[in-house]
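In UniProt numbering, the protein residues as written are 1 to 322.
So, in structure tokens, the structure goes:
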């Protein structure tokens, strides 16, 4: 998701500078590859670039192909077959075992149209299907996606799934809440901060700041992280969530099981049947300190969002991106 924000911002900056640019997009993958369809690399005519289409092994060659596309003002589609026995067969060291097809678009107006579609997606709270007709009859269609689906590249049309932007609500003013906000911001997650407004660090960039008594515009796709260290505040937060018209996707509560038992006793009912509660919050990675705890929580959120179980990859009996 962060890559989309980067591409959008850099397109704006390049337009201001007057530099021309191209956009390389991974449109098809067979077998193993570092990046999946939809990965993008923005390349300026001066050789600077942002994003990526591999783990670093293809970017150098794509830079050359991009200059050719920019000079000729024609689309270019390049296929790299990294299944070759000789990893240096293409003149570059390849670490994957698959086929990667990359489309290069040098047309500024078409890239601008794509950027506008991506901006529209990122400003909302739902998943979309993005379809690009990369031909003389260029067209972009952005429609709501009611179910997750794969990508497709056929007859010059690229279709991809854009998951709903990640929105997280962080409750609390302590150091671990601030550490989580910093880590989430690094991934370009949209963060809403709830706490005592006068105690909120001004240097942290968040989407919104709310007091405990404010109305919180929580959506069903949002993830909530409760790090108040205050049982009474947690009670009031849960009371508001239980009476709200929308149930969030996740409610993670910091603290041991015994602490949650006290919350259960207060409400005299099984809260887990009423809200998607996870407590103690985070994955078991032995986290210590605000930053590691933030990583633990973010990892758990990603497992839920991506429908994974958080196990070590060498134990997975299927392809990583299946």
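Glycine residues also receive a C-beta, built at the ideal position from the N, C-alpha and C atoms.
Taking only the alpha-carbon atoms, compute the straight-line gap between residue i and residue j and give it to the nearest angstrom.
i, j, result
"residue 47", "residue 41", "12 Å"
"residue 168", "residue 9", "22 Å"
"residue 110", "residue 292", "42 Å"
"residue 123", "residue 62", "31 Å"
"residue 231", "residue 303", "27 Å"
Judging by CA-CA distance, which residue of the options is the nearest neighbour of residue i?
i, options, result
"residue 7", "127, 188, 284, 126", "188"
"residue 53", "36, 64, 45", "36"
"residue 220", "209, 233, 250, 238", "250"
"residue 73", "314, 276, 136", "136"
"residue 207", "191, 222, 198", "191"
"residue 246", "275, 259, 225, 258", "275"
"residue 288", "132, 76, 232, 180", "180"
"residue 81", "63, 64, 100, 75", "100"
"residue 264", "241, 235, 240", "235"
"residue 323", "211, 257, 308, 277", "The structure shown does not extend to residue 323, since the chain is modelled only from 1 through 322, so no value can be given for it."
So, is residue i buried or exposed, given that buried needs 16 or more other C-beta atoms within 10 angstroms?
i, result
"residue 285", "exposed"
"residue 261", "exposed"
"residue 279", "buried"
"residue 248", "buried"
Output yes or no for whether 7 Å exceeds the beta carbon distance between residue i and residue j.
i, j, result
"residue 142", "residue 113", "no"
"residue 69", "residue 43", "no"
"residue 26", "residue 102", "yes"
"residue 156", "residue 134", "yes"
"residue 310", "residue 296", "no"
"residue 24", "residue 104", "yes"
"residue 183", "residue 294", "yes"
Among residues of its own chain, excluding the 5 on either side of residue i, which ones have a beta-carbon nearer than 6 Å to its beta-carbon?
i, result
"residue 196", "173"
"residue 177", "170, 227"
"residue 115", "8, 11"
"residue 175", "290"
Keeping to the same chain, check which residues put their C-beta closer than 8 Å to that of residue i; ignore five residues upstream and five downstream.
i, result
"residue 45", "19, 20, 21, 67, 70"
"residue 323", "Here the chain has residues from 1 to 322 only, and residue 323 is not among them."
With a threshold of 7 Å on Cβ separation, who are the neighbours of residue i within its own chain once the five nearest residues in sequence on each side are excluded?
i, result
"residue 152", "159"
"residue 164", "125, 126, 127, 221"
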